[in-house]
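Chains as they are written, first to last, in full-length UniProt numbering: chain A, 1 to 354; chain B, 1 to 354.
The beta-carbon is built from N, C-alpha and C at its ideal position, and this holds for glycine as well.
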């Protein structure tokens, strides 16, 4: 495998992803030329990069970071334009651009489908940062891609500080349908049921409703393209969900059926791995009542740091009409014993759980 | 309204709720007699209360804190046993015990249906605390209840430090169906889809999947009774969801339909009120890359405290295979400007958003 270092890269699409890659590569000394069909985004992105981005040579790699709708057209244009150019994309769905390249008799080995998993709740060049991908997974679907391009892609991922994960195109699209697109649709459908609700009802909302609907705040235009683009992998999952929902409605009055429904959910949830992609998560939760004012959260986190434990997760719950809050902290079972004793000794009101 | 102070209270059901009420009342100097059909729970709860709980007089109030299944029987037994006794319950559904009392020709004005909203992710007397209800909403359905009992109920809520919220029985059951029971069923159904998934797929799970399925970890036996008990209010909500899901499956390939789906979700989510039951939430989010090790979270929270801002919400995201983490903090728009500048000055890598 050739070990040539990248010197000239062109990026098409000056959104959050394209501009963040541009910033990371530029910081690493790569010459970057960033363009966008929207002049405002292009100008803003160039400003963020510290001025002009003229080239003194022809680029070796083109990174296509447009919205899903425009991907295939831009990839085709680039592959046709320059027979020596290599192209990678950063879209959320991989089967469509790959299919479009192969059915257009374009040189498939010169196209690398990739997907950096970052930027979930932010968008636009104004949110871009060179460290956006630091430590985040970056999926690479490199079957059939020529070795020179594989090396380039790996260099881009490495310069961005991301964590490369190899998957086939089919594996990628199936996985994101399940772990990303299905939860998005479900959260949106659930949140949609709240439209027109009586504000008195909504006053009783708790952390459960807020958590289950958080991602319903996502960008409608981007997500409409992602969902429609991965409909093939999504449809069987939704049909399965539909069948389970119909069955639940049928047996809503039967505690035994409802118990299996909740038990099945617990079993499924246990399949979500813990941090660092390792073993399945097994946290112990500590609930702590605090005054809902600046400094309280800091003090409690400081106490945990003193106990030399690692906080795995944290949730803050506010009560309507009150200045009291509830903090729930997740720890490994071993850490939880240490930290619970430490916090109690320091005078915190700790409610251990499960 | 009589302003007599409670002196003798009996509590039936030594679970999380009953034992926590017992601890709060005992701490306030009320004589409490706690019983449970399970001798182990009763013994444990009595230990937690610091020994025996014998009475020197007849109780004025009986608080029924059994699982939903047993509520109506216990309420009826108590109302029949002593014509002077007043009874309140703490169950999650209000129409069923009220219906059961009224159709049994029991003295309805001597029964007060209430629902303390606390204890979501913990259970059993071992998790009980006298401050469990501190600052939490406690729904009271007091239409038709005699003034003496109203005063007693208000005193219990006040001694527990909870925030009394008046609703009719119908309003209560409709509200919790929407803001609590529907999200529970949806989270359980979604999480159930993960059963048997390829572990390689699950490795790509992010915060979105974790948040949407968190409450799927709830207690199956308790929730089966809650769902079945509130099926009347839940059914139309689930049928509506089913219809929206079917429509989504039909139009999965159409970006315009998918865009409305996500837009409807955003509109519904905007109906969830912010903290303290006030205006709709309007947070600004800051994403911060940290080393995933003890002390980092503490340092960042400490920085926020120094800037004198209030953290409204916080999420921790771990990346598979990496020791880097991403912390997302939510602030009021005004606070976010102050804290972002402060954090940047202190050298944190802050990604402002929306």
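Give me the Cβ distance between residue 186 of chain A and residue 212 of chain B, rounded to the nearest whole Å; I'm assuming they're in contact under 8 Å. 6 Å
Residue 160 of chain A versus A/226, A/131, A/13, A/314, residue with shortest Cα-Cα distance: A/131
Shorter than 7 Å from the beta carbon of residue 290 of chain B to some beta carbon of chain E? Of the protein chains in this structure, namely A and B, none is chain E.
Considering only residues of the stretch 167-246 of chain A, which uninterrupted alpha helix (DSSP H) runs meet the minimum length of 4 residues and lie entirely inside it, listed in chain order? 169-176, 182-192, 199-202, 207-213, 220-229
At 7 Å on the CB atoms, spell out the chain A contacts of residue 246 of chain B, in chain order. 242
For residue 291 of chain A, report the span of its alpha helix (DSSP H) as first-last. Looking at the DSSP string, residue 291 of chain A is not in any alpha helix (DSSP H); the run it does join, the beta strand (DSSP E), is 284-291.
Per-residue contacts from residue 40 of chain B into chain A (C-beta, under 9 Å): What residue 40 of chain B touches in chain A: nothing, since even the nearest Cβ is about 18 Å away.
Helix, strand or coil: which one does DSSP assign to residue 315 of chain A? strand
Could you list which residues in chain A have their beta carbon closer than 8 Å to that of residue 253 of chain B, in chain order? 228, 231
Identity of the residues DSSP links to residue 81 of chain B by a beta bridge: BP columns for residue 81 of chain B are empty, so no partner.
Measuring alpha carbon to alpha carbon, tell me which residue in A/312, A/61, A/65 is nearest residue 286 of chain A. A/312
Exposure label - residue 32 of chain A; buried when at least 16 CB within 10 Å: buried
Could you say which of A/215, A/194, A/214, A/244 lies nearest to residue 193 of chain B if we only look at CA atoms? A/244
How many Å lie between residue 265 of chain A and residue 116 of chain A at the Cα? 29 Å
Could you tell me the alpha carbon to alpha carbon distance between residue 360 of chain B and residue 123 of chain B, rounded to whole angstroms? The shown model of chain B, from 1 to 354, leaves out residue 360 of chain B, and the question about it has no answer.
Quick one: what does DSSP say residue 344 of chain B is sitting in, helix, strand or coil? helix
Quick test of your reading: residue 307 of chain A and residue 338 of chain A, contact by CB under 8 Å. State the CB separation rounded to the nearest angstrom. 6 Å
Collapsed DSSP secondary structure at residue 94 of chain A in the structure displayed: coil
Cβ separation of residue 93 of chain A and residue 230 of chain A, assumed to be a contact under 8 Å, to the nearest whole Å: 5 Å
Please classify residue 25 of chain B: is it buried, with 16 or more other beta-carbons within 10 angstroms of its beta-carbon, or exposed? buried
Kindly indicate which residue of B/267, B/251, B/188, B/201 has the alpha-carbon position closest to the one of residue 223 of chain B. B/188
Answer yes or no: do residue 283 of chain A and residue 330 of chain A have a C-beta to C-beta separation smaller than 7 Å? yes
By the 10 Å Cβ neighbour count, where 16 or more other Cβ atoms means buried, how is residue 315 of chain A classified, buried or exposed? buried
For residue 310 of chain A, the three-state DSSP class (helix, strand or coil): coil
Backbone CA spacing between residue 237 of chain B and residue 114 of chain B [nearest angstrom]: 23 Å
Residue range of the unbroken alpha helix (DSSP H) whose run includes residue 39 of chain A: 39-48
Residue 5 of chain B - DSSP class collapsed to helix/strand/coil: coil
Quick check: the Cα distance between residue 199 of chain A and residue 85 of chain A, rounded to an integer number of angstroms? 57 Å
Exposed unless 16 or more other CB atoms sit within 10 angstroms - verdict on residue 90 of chain A: buried
Residue 138 of chain A to residue 201 of chain B span [Cα, whole Å]: 14 Å
Other residues of its chain near residue 240 of chain B: CB distance less than 6 Å, five sequence neighbours each side excluded: none
In whole angstroms, what is the alpha-carbon distance linking residue 178 of chain B and residue 251 of chain A? 19 Å
With DSSP as the reference, please indicate the residues paired to residue 330 of chain B in a beta bridge. B/285, B/313
Return yes when the Cβ of residue 7 of chain A is within less than 7 Å of the Cβ of residue 125 of chain A, no when it is not. no
With distances taken from CA atoms, which of A/255, A/181, A/254 is nearest residue 209 of chain B? A/181
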